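Take a look at the structure set out below.
Number of protein chains: 2
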Amino acid sequence: MEQSTMTTVLRRERAEAAGKAIPDSDTLRGLGETFKVLGDVTRLKICFALARHELCVGDIAGVVGISESAVSHQLRTMKTMRLVKYRREGKMTYYMLDDVHIDDLIRIGIRHVSER
Amino acid sequence: MEQSTMTTVLRRERAEAAGKAIPDSDTLRGLGETFKVLGDVTRLKICFALARHELCVGDIAGVVGISESAVSHQLRTMKTMRLVKYRREGKMTYYMLDDVHIDDLIRIGIRHVSER
DNA sequence: TCAACACCTGAACAGGTCTTCAGATGAAGT
DNA sequence: ACTTCATCTGAAGACCTGTTCAGGTGTTGA
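Here the protein sequences line up with chains B and L, keeping their order.
The first sequence lines up with residues 0 to 115 when you count with numbering that gives the first Met the number 0.
The second sequence lines up with residues 0 to 115 when you count with numbering that gives the first Met the number 0.
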């Protein structure tokens, strides 16, 4: 039973270390929400559409292929999670990606998906 | 109206380019599902727990603080999306992160969240 | 073979998500 | 002031997700 006991001790140590590796709940929640926002095909399309140039709501709707209302709803959540930012010019509102991280996340995500 | 027409043409060109920047639907679906799997606090905790060492289901349940059944269900979806892989040893099953990308994604995600 | 253990699975329920619809807001031009 | 245009918003409904519960598989050691 010596080996089994030893293994148990090792496991307990690893489990303890693993527990400490988990961040605080605020970070976890923010991280989860960020990925959740990226975890939707419509919003991903919007991200790709905005990758090169800023676009207004109507154009996004046309490119992505859904109603302007749906786009507006999605942009609001993307704005809240700081995936996109916007710029107003008269009655138009131009949206663009918020920062580089979004681009990085998507690029790495693609690398993961395209492997194998 | 000259300027307005010009702007419209510019916008149409940008919109057209934006449409081409959107990947095929298989890539989009895979990408979306990958992010969706990461978009859950429980699964993120599991990722952090597995970041250093492989762990068995019971230990993960203890560290994360949910039932073994819930862990098992989550691990299955994480396995399907290649977030984790496993190794059997007798009646134990040890789980670990599948590849480096997962670690990268989480690290960049944290950087995004912790900014501002 | 039997019991104990580690893990897996299907069904079901609560809670959340995404789109649509109808209408509201606000800016620009007449 | 009125109309048009671009965008936003709340409510509602269909759909999806994550956990629990109860029971299943398969391995180990007596």
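Ideal placement from N, C-alpha and C gives every residue a C-beta, glycine not left out.
Since the model is a prediction, treat every value here as computed from it, not as a measurement.
>> Give me the subset of the region 87 to 102 of chain B whose CB atoms are less than 8 angstroms from a CB atom of chain L, sorted by chain position.
In response: D98, H100, I101
- Could you say which of V8/L, V70/L, V99/L, D102/L lies nearest to T92/L if we only look at CA atoms? Within the second sequence, residue 92/L is the residue found at index 93, counting from 1. Here the closest residue by C-alpha is V70/L.
Legend entry - Any C-beta of chain L under 8 angstroms from that of R10/B: Within the first sequence, the letter at position 11 stands for residue 10/B. Yes, R10/B lies at the interface with chain L (some Cβ there is under 8 angstroms from its Cβ).
Using a Cβ-Cβ distance cut-off of 8 angstroms, determine whether T26/L contacts chain B. Working through the second sequence from its first residue, we reach residue 26/L at position 27. Taking Cβ atoms only, chain B reaches closer than 8 angstroms to T26/L, which makes this a yes.
Residue from D97/B, I45/B, H52/B, K90/B with nearest C-alpha to H72/B: Along the first sequence, read from residue 1 onward, the residue named residue 72/B stands at position 73. Ranking the options by Cα distance to H72/B, first place goes to I45/B.
Self-check item: Under 7 angstroms from the C-beta of R117/L: neighbouring residues of chain B
Solution: No information on residue 117/L is available, as it lies outside the stretch 0 to 115 that chain L covers here.
Practice prompt. Name the one or two DSSP bridge partners that V83/L has.
Written response: Along the second sequence, read from residue 1 onward, the residue named residue 83/L stands at position 84. DSSP, once it has assigned bridges, lists L96/L as partnering V83/L.
| query | Going along chain B in order, which residues have a C-beta closer than 7 angstroms to the C-beta of D39/L? | reply | If you number the second sequence from 1, residue 39/L lands on position 40. The contacting residues are G31.
Bridge partners - L54/B, DSSP secondary structure assignment: The residue labelled residue 54/B in the question sits at position 55 within the first sequence. Y94/B, per the DSSP bridge assignment.
Query - Distance, L104/L Cα to I107/B Cα - result: Within the first sequence, the letter at position 108 stands for residue 107/B. Within the second sequence, the letter at position 105 stands for residue 104/L. So the alpha carbons of these two residues sit roughly 7 angstroms apart.
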